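Counted the way the numbering used here counts, the sequence shown spans residues 1402 to 1650. Note that CB positions come from ideal geometry on N, CA and C, so glycine has one too. Owing to the predicted nature of the structure, the values given are computational and were not obtained by experimental measurement. In what follows, a structure is listed as structure tokens, so that the remarks can point back to it.
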Amino acid sequence: MDWQTAERMANGIARARRLVVLTGAGMSTESGIPDFRSASGLWSANHRMEKMSVSYWKQNPDDFWAVFRETFLSPYFLQAKPHMGHYALASLEEGGRHGLVLLTQNVDGLHQLAGNRHVIELHGHLRTAHCPLCHTAYHMADLPRDETPYCTSLTLKGECGYPLRPDVVLFGDPVPDYTKAALLIEQADLLLVLGSSLLVEPVASLPFSRQASCPLYILNEESTPLDAEAEIVLHAKIGEVLPGLLAMV
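Here is the structure:
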């Protein structure tokens, strides 16, 4: 581990007044959640990726929900706990860094469990589902465990009965908070990327929203397409490095 580079990164974070942090799947893998796009990732089983789309949910909600449960309501997600990197970010915010905004591609809610409050979940979350027809919201924990959930809200015509959809961004969905995230990055004086491959669009384009005067720092185990654009790059495990790095801030 290059602690000299880590110290440079810490000094830059300490100087920032409008810090935006973007986290990806690499933030969650250290909590035991598989990534999506590696050779052994969740999308390595083609049936999962193909069926997690808006069009498939509309055409076959029963099979959609079966695969959704297999993928996202598995013990990997349900039993995951925040690691020390999550808690380090929460401590940074709790310590008075009110300018900190956290953008995440992850749907697991681990940042909030660790204590972060200013979190924008770009790809949605697993806490709730809703009825697209009458807009009734449901807690995911209250839905049937092994059958397709349908809306039970009463309407003038009786029970709604429309198939629910989870509050995650599916393939074919827009990213609802993309414009807001791009504006926050445009206003930032430092963008810190943690555990993102920076390959998944449209989020991969977000770093290009920053001003020329805004440095880009990347902490990720593997190389990313934007490593050459970044002022500082560290290839390391987030949970092992980030707590010590932020302790220097």
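Rounded to the nearest whole angstrom, the C-alpha separation of G1496 and C1561 is 47 Å. Around the C-beta of N1621, 16 or more other C-beta atoms lie within 10 Å, and the residue is accordingly described as buried.
For G1510, the secondary structure class from DSSP, reduced to helix, strand or coil, is coil. The C-beta of Q1506 has 16 or more other C-beta atoms within 10 Å across all chains shown, which makes the residue buried. Taking the Cα of S1492 as reference, the smallest distance to any Cα among A1637, N1517, E1548 and L1571 is reached at N1517. For a cut-off of 8 Å, the C-beta gap from S1454 to L1571 is around 6 Å, short enough to register as a contact.
When C-alpha distances from S1610 are compared across L1600, Y1579, S1598 and L1635, the shortest belongs to Y1579. Contact between Y1618 and I1639 fails: their C-beta atoms lie close to 12 Å from each other, not under 8 Å. For the region 1585 to 1619, not one full-length alpha helix (DSSP H) segment reaches 4 residues or more.
DSSP places H1487 in no beta strand (DSSP E) but in the uninterrupted alpha helix (DSSP H) bounded by M1485 to E1495. In this structure F1478 is in contact with I1434, their Cβ atoms being roughly 6 Å apart against a cut-off of 8 Å. Exclusion of the five residues before and after S1456 leaves G1573 as the residues of its chain whose Cβ lies within less than 7 Å of its Cβ. For the pair Q1460 and S1598, the Cα-to-Cα distance works out to about 31 Å. The Cβ neighbour count for A1613, taken over all protein chains shown within 10 Å, is under 16; the residue is labelled exposed. According to the DSSP assignment, G1525 belongs to the beta strand (DSSP E) that extends over G1525 to H1531. Counting C-beta atoms within 10 angstroms of its own C-beta, S1429 has 16 or more neighbours from the protein chains shown and is therefore classed as buried.
Taken through DSSP and simplified to helix, strand or coil, Y1539 comes out as strand. Of all alpha-carbon atoms in D1628, T1529, P1575 and E1623, the one lying nearest the alpha-carbon of D1436 is that of E1623.
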